[in-house]
Amino acid sequence: MMHAAVAYRAYRDWKSVMNDMEEPGRLIDILDTVIERAPRLVEVQRAARRIISTYPSSIGARTLGEMLDITDEDRIASPGFIDDLKRERATLEKTVIATT
Numbered sequence: 000m001m002h003a004a005v006a007y008r009a010y011r012d013w014k015s016v017m018n019d020m021e022e023p024g025r026l027i028d029i030l031d032t033v034i035e036r037a038p039r040l041v042e043v044q045r046a047a048r049r050i051i052s053t054y055p056s057s058i059g060a061r062t063l064g065e066m067l068d069i070t071d072e073d074r075i076a077s078p079g080f081i082d083d084l085k086r087e088r089a090t091l092e093k094t095v096i097a098t099t
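Residue numbers (numbering that gives the first Met the number 0): 0 to 99.
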C-alpha cells in the first residue's frame, strides 16, 4: 500500500505546483505509476479498512488509517477513477508538449 499511496500523493501534490516545476514532464512518469498501481491500491484499501474495523485500537490500524487519509480513499474507490486518471494523463501530456 505504501508505494501506491506515496505515488498517488506525490502526483496530487506535484500536480498542484506543476507550473513551477523545471521538468513538468516528470509528472507523467509519476502518473503512469499511479495508473499502474491503482487497481491494487483499491484492493489494499479495502483490506486496510477491514483490518482497521477488526483491530481499531492497534498501532497498525492507526498507521493504515493515516495511509488511507493520504490516498483520498473515496475518490480512488469511485467508479471511473482509473479512466479519470487516464484522461488527466492525456491532458497533462498535451500541456507539457505545449509548454516545451
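The C-beta atom is built at its ideal place from N, Cα and C for all residues, glycine as well.
Under the three-state DSSP convention, the category residue i falls into
i, result
"Leu57", "In the sequence under discussion, the amino acid at residue 57 is Ser, which differs from the Leu named in the question. In this structure, Ser57 counts as coil in the three-state DSSP scheme."
"Pro78", "coil"
"Thr98", "helix"
"Asp71", "coil"
"Met20", "coil"
Whole-number beta carbon distance between residue j and residue i, since they are thought to touch under 8 Å
i, j, result
"Asp80", "Ala46", "A quick correction: the sequence has Phe, not Asp, at residue 80. Not confirmed; about 17 Å, so no contact."
"Ala76", "Gln44", "7 Å"
"Tyr10", "Val33", "5 Å"
Candidates the options: closest to residue i by CA position
i, options, result
"Leu26", "Thr70, Ala97 and Arg88", "Arg88"
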